[in-house]
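Report on the structure given below.
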Amino acid sequence: MFSCTSSPVAALFERFTMNRSSNSQQRSTSPPPSTTTKPKPDSPTRARLTRNSSNRMSTQAQQKRKYLQHLTQWSLNHDSSLHFQGKISLSPQGNQRAKDLELGKPVKCILTDTSFIDARQKITIKLFLTQDRAEGTKLSDSQSASHSASAPDKTVRNSRIQMVGMSVQRGDSQDQSQKPRQHYRMVVRCGAGWISAREYFSRVYFSHLEARQGNCPGRPMQDGYLARKSQALGLVSSDNDSVIIRPLFHAFRKLAPELQEMILMTAAGLSRSFNLCADDYGTLRMKKDQRQAAISLSTLLRISRDINQHMLPYIFHSTDFNFGLTGFTNFLWQSGPTKRREIRRLTFHFGKLALLHCMRWLAPDPVFALFEPPVITKPRSLQYFWRCQIQDLVKDVELFTLTINIKQIPPMDIAMIMAIINISFGSTGKIRFIETDKNGVASTVDMSDKRLTRLSTKHTWRELCLAYYKSHQTHSYFFKFDLLRSQVEDLESVMAQDDEDFFNTPFSPMSIKEDLKGSK
544 MFSCTSSPVA ALFERFTMNR SSNSQQRSTS PPPSTTTKPK PDSPTRARLT
594 RNSSNRMSTQ AQQKRKYLQH LTQWSLNHDS SLHFQGKISL SPQGNQRAKD
644 LELGKPVKCI LTDTSFIDAR QKITIKLFLT QDRAEGTKLS DSQSASHSAS
694 APDKTVRNSR IQMVGMSVQR GDSQDQSQKP RQHYRMVVRC GAGWISAREY
744 FSRVYFSHLE ARQGNCPGRP MQDGYLARKS QALGLVSSDN DSVIIRPLFH
794 AFRKLAPELQ EMILMTAAGL SRSFNLCADD YGTLRMKKDQ RQAAISLSTL
844 LRISRDINQH MLPYIFHSTD FNFGLTGFTN FLWQSGPTKR REIRRLTFHF
894 GKLALLHCMR WLAPDPVFAL FEPPVITKPR SLQYFWRCQI QDLVKDVELF
944 TLTINIKQIP PMDIAMIMAI INISFGSTGK IRFIETDKNG VASTVDMSDK
994 RLTRLSTKHT WRELCLAYYK SHQTHSYFFK FDLLRSQVED LESVMAQDDE
1044 DFFNTPFSPM SIKEDLKGSK
């Protein structure tokens, strides 16, 4: 109806219609609004829990390591039980908080008695670092236990300060041997109170005293009973989480030196006589002590440096070393020049070959060159090297007592044997003679014995050499090959040509050095 008209109303209506159509098209072509929301950042709860768990485990391990270090220091220097031997471990359940593994606080542990197959029990301990010991005030176990129980807060506070100082100054990786020695005290929960660790461990030991005997008939039953109780505690703790407990004897060095020496010598089975006869045979066999020594001689000398420095000279001074035909040169060589001069007592068990042995290794050079008894060595010159070696070694030996076992030695050989020994050693004080019976028991032989009568008279090397030649002329191993077909006259002419003064100077076999020195 408006097409034929040109009224203003029609124009306005047409413009309004066109505006509406354009707005509708613009709204239809624009993209619909998005209904999705922006992703929110992840919640920090999970990361925080993971980080806290890692920190907690690290703190727990660090506190555990520190507490084990305290336990180790305690085990090396504590007032220990004289009987109990075992180990103490931290409770493996892991339910102890890190703040509980501190000095002065109750800590659950597992105590193991190593005398049985598996004997474990739960205990609660408190470990304290005693400041009074560092200041010079000594506390007894009972005083320490009462002091720790009455004033735990002060001790815990001091212990924490001490732990911080230790960690700052030394660090966790420093060797424990470089730390200054500290003194700890331990108390153990017993009923409603606390007692010292020494008293508690002694109670544990004496509670099964009868079953500890090796021949106890009820020992298997006791082992089974304790093993069943221990199974309830779970697996055995590792050695890294355990500290060994054993008796410590702090007061030993405070004893008189004589008591220390007696205790150590008894423990090592040393009875003033040490048998080194490797070639004992027949009636020369010495009677040996059948008792088993608690420790070996090498273990005794490794206890501490102070004991080694004190006991080595004492052992060399007080021990009578017994030798046969072998081992003496090696003993002198291994002793060294310092310890060799400390030897004071020797006993020789040479037997029937005593004179031949002395002739080969200890006789003066003119006498040895006269006979030269052969020794099978390879090379041949090794015999002369050994002879020079032992002669140089025995010159360093200055004896208080020299003992000779005359069992099986021909009486005619004793005078020459004593002359050779007395002139070869540095010095010989008192000379004793013994004789062993068939059981190896030695009895003293007096100088009035008829076998020793030739020792009180004077001889010359010429007389002794002729007697040696006549007595052993039938044995080829007593002479060199040139003398096997010789006569006595040939031997006398050789001695006259070599050194007439040496072979004809009279002396007593028991004082040969003094006699020869006085004749010059």
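The sequence shown begins at 544 in the working numbering and counts up one residue at a time. Idealized CB from N, CA, C, for every residue including glycine.
- For TRP876, the number of other beta carbons within 10 angstroms of its own is below 16, and it is reported as exposed.
- Judged by DSSP secondary structure, ILE788 falls within the beta strand (DSSP E) whose first and last residues are 785-788.
- Where ILE738 is concerned, there is no enclosing alpha helix (DSSP H), although the beta strand (DSSP E) around it starts and stops at 736-739.
- A distance of 8 Å or more separates the beta carbons of ALA1039 and HIS1002.
- Going by beta carbons, ARG789 and GLN932 fall outside the 8 Å limit.
- At a cut-off of 3 residues, the continuous stretches assigned as beta strand (DSSP E) that sit fully inside the segment 965-1041 are 970-979, 985-987.
- If one requires a minimum length of 4 residues, the alpha helix (DSSP H) runs lying completely within the segment 741-795 are 762-774, in chain order.
- For ILE838, the closest C-alpha among the options GLN926, MET808, PHE866, LEU819 is that of MET808.
- Within a 10 Å sphere around the beta-carbon of ALA735 sit fewer than 16 other beta-carbons, which makes this residue exposed.
- Residue ranges of uninterrupted beta strand (DSSP E) with 3 or more members, entirely inside the segment 845-915 and ordered along the chain, are 863-866, 888-891.
- In the three-state reduction of the DSSP assignment, VAL940 falls in the coil class, being assigned neither a helical nor a strand state.
- In this structure the segment 848-856 does not touch the segment 932-946; the number of beta carbon pairs closer than 8 Å is below three.
- Within the same chain, ARG762 come within 8 Å of GLN756 by CB-CB distance, once the 5 residues on both sides are set aside.
- In this model, LEU913 and TYR1012 are separated by some 10 Å (Cα to Cα).
- When the five nearest sequence neighbours on each side are left out, the beta carbons in the same chain lying within less than 6 Å of the beta carbon of THR890 are those of ASP863, ASN865, THR946, in order along the chain.
- Its Cα nearest to that of SER658, the residue GLU753 stands out among ARG883, GLU753, LEU843, GLY879.
- Counted as a single uninterrupted DSSP element, the beta strand (DSSP E) harbouring ASP656 occupies residues 650-656.
- In the three-state DSSP reduction, GLN835 falls in the coil class, being neither helix nor strand.
- CA-CA distance, SER618 to LEU819, rounds to 39 Å.
- When DSSP states are grouped into helix, strand and coil, CYS931 belongs to the helix group.
- In its chain, beyond the 5 residues on either side, ALA958, MET961, ALA962, LEU998 have a beta carbon closer than 6 Å to the beta carbon of PRO1052.
- Around the beta carbon of THR655, 16 or more other beta carbons sit within 10 angstroms, so the residue counts as buried.
- For ASP992, the closest C-alpha among the options GLU1006, ASN982, ARG975, LYS981 is that of ARG975.
- Distance check between ASP661 and each of TYR927, LEU778, TYR743, HIS1015 places LEU778 closest, using alpha-carbon atoms only.
- The secondary-structure analysis by DSSP pairs VAL731 across a beta bridge with ILE668, ILE738.
- Secondary structure of THR946 (DSSP, three-state): strand.
- Only residues of its own chain outside the window of five on either side were considered, and among them ASN851 have a CB closer than 8 Å to the CB of ARG845, listed in chain order.
- In this structure, SER1019 keeps its C-beta atom at 8 Å or more from the C-beta atom of LEU1009.
- If you look at LEU633, you'll find it in the beta strand (DSSP E) that goes 629-633.
- Note on geometry: alpha-carbon atoms of GLN951 and GLU941 lie some 27 Å from one another.
- For the 8 Å CB-CB criterion, ARG663 and LEU776 form a contact.
- If the five residues before and after THR615 are omitted, its C-beta is found closer than 6 Å to the C-beta atoms of VAL786, all from its own chain and listed in chain order.
- Put simply, the backbone Cα of PRO880 is about 26 Å away from that of ALA897.
- Under DSSP, ASN818 forms a beta bridge with ASN865.
- If you draw a straight line from the Cα of THR979 to the Cα of PHE893, it comes to about 12 Å.
- Shown here, PHE1045 sits in a helix according to DSSP, grouped into three states.
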